[in-house]
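Participant:
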Amino acid sequence: MSRSGSYATFYVDNFFFGIPIAIGVEVTKGQEVTPVPLGPKEVAGFFNLRGQIVTAIDMRVRLGLQTNKEQPDIVSIFFQNQDALFALMVDRVGDFTQVTEATFEETPSNLDATARELIVGAHKLADKLLLILDTHKIVSGVKLVQH
Amino acid sequence: MDNNDQILDEFLQEVQEIFDQLDLDFVALEQNPDDKKLVGDIFRAMHTLKGSSGFFAFHRLEKVAHAGESLLSKIRDGAFALNEEITDALLATSDRLREIVANIQKQRTESAGDDTALIEWLKFLTDGGKGFPRPGKVVTSPPPQAATTAIEQSTNEQEKSTEPSISFQEPSPLLVADPLEVPEVRDAAEPERSTELAAPIKVSVELLDKLMNLVSEMVLARNRLLSFARTSGDLTFNNTVRRIDAVTLELQERMMKTRMQPINQVWNKFPRLVRDIAQDTGKKVDLIQIGAETELDRTLLEGIRDPLVHIIRNSVDHGIESPEERVAKGKPEQGTVTLRSFHENGMVVIEITDDGAGINLPLVARTAVAKGLVSAERVAKLTEREIIDFIYLPGFSTKDRITNLSGRGVGMDVVRTNIQEIGGNVDIATSSQGTRLRLSIPLTLAIMPAVFVRCKEHSYAIPQVNVFEMLRYEPQEGVPGVEDFYGVRVFRLRDKLIPLLFLNRELKLDNQLPPVDQPLNIVIVQAAGIRFGLVVDEVLDMQEVVVKSVGPLLRGTPVYSGITILGNGCVALIFDVAAIAVRSGIIAKLADNQFEQDISSTVDDKTIEQQMLLFDLLGLERIVMPLDAVDRLEMITASRIDRRGNEAVVVYGNKIMKLIPLTNYVEGATHRGLYGDETVPVIVHYHESQPIGFIVKKVHNIVSVPTQAVMVTQPQRGIIGSVIVNDSVMSILNVKEVLSLSGIGHFDDPAFAPGAEDVKGVISMDQEMK
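Okay, structure coming up:
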């Protein structure tokens, strides 16, 4: 994964995350998500985006953070993971940001296991860190069987 | 007659497509002579062509294709490499086939002709010969058009002599010298062809999907427009909206119709196919078709056509025994092949059942060993299912004799490839009573009627095939209705007790149970042979829904068979009623007719078996643990093991793996100092993405454990219970408990029910243990 490029950014809790826009990112708001009883807890539900079913992943749950009762924004990331579309439910959407290789820093080794799986590294921005997420891991790491 | 014409037209179209593809493939092959996949493709195309022509009794076509296929099979198996002469011969074959087909197209029947020279040549090459005296030199002949235009019956005699020359002389220099010329040859033939057949346009699935999505979008836009029009007083505007509404509706209906066709479209070819094969092989076979009206997406229909032909051919040729043999076995003289099609769990299921001899598994195993696919000692340990898997390998055949019907080992790999391409799967069950192939094809593209129900604030769809009846229960004084059957609510429907499931509880939305005297909305559903009532908050309406896949993240949640988009743009989940029944534990076995049971019992055993890893501990042998909980097997040298406080750890990849000597946690095993200089087998299990290593004495192999044989023994530390496999008792490791005892996991950790969906027996027992 190239470290420089454009990232779509968003906030979950106090963290500032980015996903590469190269995979095709679209920001939508106010989608009505249909929940999935008995489904994996990370899956907030499904919604319809121009006739296609999108699986919405609650990023707070996925990242193991405190859940937020307020209606979150939805950032839809488009990537062809087995032909399915996924959306990440986040607290707030940020701007698109352009970064270069020079600001990239690897993940520190004492990071929590869940986070280390999902976060590739960080870009040092002037005022904060932009944590880069691995979108494939976000999806593939979801535990399918729950009780 | 019309019907036959239609079938012939379909055949001709199909053949035309095969030829077009063959031309491209041949050219590509010339450039990459080592491309095994390409040879395989050509081989399969030839095989299909042969199969189809056999069905129409086009003997010339069949013979030429057969000879070509034999040569190709040698190349595919790597017996010898492609050289110029073989290419010439193959191209000549392709051209000859094309020419014969061109005649069929005009005359609706195969013209006479002599292909012996070509077949001889192919045979010569197949036997490894080189430098066959080219027939091309011998004959001087009219240009190819002569052959295709001379169609009068009276000229057949003359044609016989001239025909062989055309294909040899004409294409060889042209095609071999300059492959780029090939498309021209095809183009030249094209205009002539198009006057004969107005071929329908092929539309790709993606385009249809896209159109479908656009139509749904349009419906939604129309809905918004309609609500807007209601508040607007502009008459012209309202009329325009009404017009848009009508057009949209029709568009939607047509769009859906374009896709669905009854499976009969494919099946109607089969009685003849079965009859012909039976006659060729001297057997008596009856073909029964059940559910021919089952509708299937057209694109899927095309996908199943060839696999079905292969399967039926296999069933009749290999499966059904000769009449004498059958009588000797006490079976009726006439064999039966049954085609059955139905919707089940959101899939279209097509079953092809024969009451023949079944698959000779020992023979398959021997062949696999003979072909070097597996070692002799390994094969003895394979399960029946694993042995069956061999027959899916390309080129695998137990037939030592190649007939023009089957035995080439093409077939099952093609069947599986084709079915998997359309997202389905193939399942084989076999016994000496017969073989049943079950093709499950997903409804990803299909449309089905569904009943919408509401539970709490959301609506869900129940496939109408599962819905038996819907009723509203109003309690009345003195009339028994909903009753409490020792903790289970049952409903008295026409004097039969029907168990009730409360949807809100099944979905774990809440745990409320309405009082017995409250009115209820009950949907009586039927799945896997049993009937039960689903209590919902409200029954909404019935709609035709477009079933879409639930995506990869719900694979562990088999409660839903699909998802659909509603008119208002929201999405609704579609239930898999059978899965709900299984989940709730009220599933019972389906009692069908006797023969079905014979086979299904073998199948059922499979589906409720769990794969377990068999290993030994010191002083305690034959312990199994669910394979789902096993992530890797490692041999770890004792010197690599470090002690960290009381823990034993080892560097594992870029992580530290904690080692757990299982003997310390399982009652009955002998404790022992761990470390010598030996290597210890370690079963690696990931717990919250951290590797945990279980130290064992010896790892054996994987066994299939039938869950219904699970017995709860006296609680013993570290062991859930016992199971009997092949007359020996095995103990099932309680992974959860071991982790808990060693201070890693918690008893209630949800991650610790590996394979829970698959194995009711183990899990329920597991829960009892808690």
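The listed protein sequences derive, respectively, from chains A and B.
Residues 11 to 157 (this note's numbering) make up the first sequence, in order.
Residues 26 to 795 (this note's numbering) make up the second sequence, in order.
Positions of the beta carbon are idealized from the N, C-alpha and C atoms, including for glycine.
Computed from a predicted structure; not experimentally measured.
1) Would the beta-carbon of residue 602/B fall within 7 Å of that of residue 480/B?
2) Which one of 366/B, 338/B, 583/B has the shortest CA to CA distance from residue 319/B?
3) Going along the chain, which unbroken runs of the alpha helix (DSSP H) with 4 or more residues stay wholly within the region 505 to 576 of chain B?
4) Distance, Cα to Cα, residue 114/B vs residue 231/B?
5) For residue 674/B, I'd like the list of residues in its chain whose CB is within less than 7 Å of its CB, leaving aside the five on either flank, ordered along the chain.
6) Please identify the residue among 744/B, 345/B, 722/B, 730/B whose C-alpha is closest to the C-alpha of residue 693/B.
7) Any beta-carbon of chain A closer than 7 Å to the one on residue 532/B?
8) Have a look at 413/B, 409/B, 46/B and flag the residue whose alpha-carbon is nearest the alpha-carbon of residue 65/B.
9) Counting only C-beta atoms, is residue 790/B closer than 7 Å to chain A at any point?
10) Against chain B, does residue 146/A count as a neighbour if the rule is that its beta carbon must be under 7 Å from one of theirs?
11) Could you check whether residue 642/B and residue 721/B sit closer than 7 Å to each other, using their CB atoms as the reference points?
12) Evaluate the contact criterion for the region 47 to 65 of chain A versus the region 566 to 583 of chain B: three or more CB pairs, one atom per stretch, below 8 Å.
13) I'd like to know if residue 705/B contacts chain A, where contact means its C-beta is closer than 7 Å to some C-beta of that chain.
14) My output table needs one value for residue 443/B: the three-state DSSP class, helix, strand or coil.
15) Output the distance between the C-alpha atoms of residue 690/B and residue 405/B, rounded to the nearest integer angstrom.
16) Please check if any C-beta of chain B sits within less than 7 Å of the C-beta of residue 125/A.
17) If we define contact as Cβ-Cβ less than 7 Å, is residue 48/A a contact residue for chain B?
18) DSSP beta-bridge partners for residue 723/B?
19) Return the residue from the list 273/B, 659/B, 686/B that minimises the CA-CA distance to residue 676/B.
20) So, under 8 Å CB-CB, residue 509/B and residue 458/B are touching, yes? Tell me the CB distance rounded to an integer number of Å.
21) Which whole-angstrom value is the C-beta distance of residue 103/A and residue 85/A, which I expect to be below 8 Å?
22) Anything in the region 21 to 46 of chain A with a Cβ closer than 8 Å to a Cβ of chain B? List those residues in chain order, please.
23) Give every residue of the same chain whose Cβ lies closer than 8 Å to the Cβ of residue 346/B, excluding the five residues on either side of it in the sequence, and list them in chain order.
24) What runs of the beta strand (DSSP E), each 3 residues or longer, lie entirely inside the region 247 to 288 of chain B?
25) Can you check whether the CB of residue 147/A is closer than 7 Å to the CB of residue 116/A?
26) Buried or exposed: where does residue 74/A fall if 16 or more other Cβ atoms within 10 Å of its Cβ makes it buried?
27) Shortest alpha-carbon distance to residue 444/B belongs to which of 142/B, 335/B, 277/B?
28) Residues in the region 585 to 599 of chain B with C-beta within 8 Å of chain A's C-beta atoms, listed in sequence order?
29) Quick one, are the C-beta atoms of residue 254/B and residue 240/B less than 7 Å apart?
30) Would you verify that the beta carbon of residue 158/A is, or is not, closer than 7 Å to some beta carbon of chain B?
31) Cβ of residue 711/B within 6 Å of any heavy atom in the ligand ADP?
32) Could you give the first and the last residue of the continuous beta strand (DSSP E) run that contains residue 315/B?
33) Quick one: what's got a C-beta closer than 6 Å to residue 516/B's C-beta in the same chain, skipping five residues either side?
34) Going along chain B in order, which residues have a C-beta closer than 9 Å to the C-beta of residue 18/A?
35) Using DSSP with H/G/I as helix, E/B as strand and the rest coil, what is residue 18/A?
36) For residue 337/B and residue 299/B, which I take to be in contact (beta-carbon distance under 8 Å), what is that distance rounded to the nearest angstrom?
Facilitator: If we stick to the structure as given:
1) no
2) 366/B
3) 528 to 531
4) 38 Å
5) 667, 681, 682, 683, 684
6) 744/B
7) yes
8) 46/B
9) Low confidence applies here, because residue 790/B scores a pLDDT of 35, under 50, leaving its location unreliable; read the following figure in that light. Judged by the 7 Å Cβ criterion, residue 790/B is not in contact with chain A.
10) no
11) yes
12) yes
13) no
14) helix
15) 33 Å
16) no
17) yes
18) 641/B
19) 659/B
20) About 44 Å separates the two Cβ atoms, so there is no contact after all.
21) 6 Å
22) 42, 44, 45, 46
23) 308, 354, 356, 360, 381, 382
24) 285 to 287
25) no
26) exposed
27) 335/B
28) 585, 588, 590, 594, 595, 596, 597, 598
29) no
30) Absent from the model: residue 158/A. The displayed extent of chain A is 11 to 157, so no value can be given.
31) Looking for the ligand ADP in the displayed structure turns up nothing, as the structure carries no ligands at all.
32) 310 to 315
33) 507, 523, 525, 558
34) The premise fails here: residue 18/A is roughly 21 Å from chain B at the closest Cβ pair, so nothing lies under 9 Å.
35) strand
36) 6 Å
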